[in-house]
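See below for the structure under consideration.
Numbering (UniProt numbering), first residue to last: 1 to 246.
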């Protein structure tokens, strides 16, 4: 649309530009000059000019009043897909499939300033690469923390297992171990049993031989007590040796 809204310009695949009256829809002018499809048309801010971008890689400036071709701007290496005037109409920007944006001076014969799209694209790629590397670093840090947590968990589980095994072993050791007092008590009991057995044997010998019973009991009693005590000590030493081997 023109700035005042009275005109409408259209670009077509037939390489022409048509200007229409908005109020009555009447075709006012047909502008011919491009050799390829017209992708973009735009009025200047004051409505006196019309710029068009085409598949023929050129930008053309037209006079709206008489439809005359005023200027052809060349510089793009591929289709020109977009054109736009600056707010004051002094500059014209064009975008192309050649990945560049060019800025033209309205009264210049060619390009006044140029913003290379490749530079912007390269900057964008660098920023994306930095973001990708940062995201990868964060993911790697997360994986490292998860791995550390897993290793720590395994270590804690193994440590608990070792502690449990140590407790069970200590419990088993304590259940099998005999204190010195218990050993002496057991030895006295065993010796007593041996003494009683020896005494009974001595009584039997005294009765059968018709000797003094107390005299006959003396030697068997001592032998019985000593013999069982020795056997008990041997068994205790053997058991302790087996425990140490385990």
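C-beta atoms are modelled at their ideal positions from N, C-alpha and C, and glycine is treated no differently.
Return helix, strand or coil for residue 74, following the three-state DSSP convention. If you number the chain shown from 1, residue 74 lands on position 74. DSSP places residue 74 in strand when its eight states are reduced to three.
Classification of residue 21 by the beta-carbon crowding that lies within 10 angstroms, buried from 16 upward: Taking the chain shown and counting its residues from 1, one reaches residue 21 at position 21. Flag for residue 21 reads exposed.
Can you tell me whether residue 111 is helix, strand or coil according to DSSP? Translated into the one-based positions of the chain shown, residue 111 becomes position 111. Unreliable positioning characterises residue 111 in this predicted model, as indicated by a pLDDT of 42, which lies under 50. A coordinate reading is not provided.
Go through its chain and collect everything with a Cβ distance to residue 53's Cβ below 7 angstroms, but skip five positions before and after it. Residue mapping note: residue 53 aligns to position 53 of the chain shown, counting from 1. Closer than 7 angstroms at the Cβ level, and outside the excluded window around residue 53, lie 39, 40, 59, 80, 81, 82, 83 and 94.
If I follow the unbroken beta strand (DSSP E) through residue 32, where does it start and stop? Within the chain shown, the letter at position 32 stands for residue 32. Taken as a continuous stretch (DSSP letters only), the beta strand (DSSP E) holding residue 32 covers 27-32.
In three-state DSSP terms, what is residue 166? Here residue 166 is taken as the residue at index 166 of the chain shown, counted from 1. Here residue 166 sits in helix by DSSP.
Give the single residue among 47, 102, 51 and 144 whose Cα lies nearest to the Cα of residue 71. In the chain shown, the residue the question calls residue 71 occupies position 71. Considering only alpha carbons, the answer is 51.
Identify which residue in 43, 57, 158 and 161 has its Cα closest to the Cα of residue 101. The count along the chain shown starts at 1 and reaches residue 101 at position 101. Taking only the C-alpha atoms, the option nearest residue 101 is 57.
How would you label residue 1, buried or exposed, when you count the other beta carbons within 10 angstroms and need 16 or more for buried? Counting from one through the chain shown, the residue named residue 1 turns up at place 1. By the neighbour-count rule (16 or more Cβ atoms within 10 Å), residue 1 is not buried but exposed.
DSSP state of residue 149, grouped into three classes? Here residue 149 corresponds to residue number 149 of the chain shown, with the count starting at 1. Three-state DSSP puts residue 149 in a helix.
C-beta contact flag for residue 37 and residue 15 at 9 angstroms: In the chain shown, counting from the first residue as 1, residue 37 sits at position 37. In the chain shown, counting from the first residue as 1, residue 15 sits at position 15. Cβ distance < 9 angstroms, so residue 37 and residue 15 count as in contact.
Tell me the rounded alpha-carbon separation between residue 78 and residue 30. To locate residue 78, count along the chain shown from 1; it is residue 78. To locate residue 30, count along the chain shown from 1; it is residue 30. So the alpha carbons of these two residues sit roughly 25 angstroms apart.
For residue 84: DSSP bridge partner residues: Position 84 of the chain shown, counted from the start, is the residue given in the question as residue 84. Answer is 93, bridged to residue 84.
Using the three-state DSSP reduction, which class does residue 176 fall into: helix, strand or coil? As a first step, residue 176 must be located in the chain shown, where it is residue number 176. Any reading at residue 176 needs caution, since the residue's pLDDT is 49, under 50, leaving its predicted position unreliable; the model's value is listed next. If DSSP states are grouped into helix, strand and coil, residue 176 belongs with the helices.
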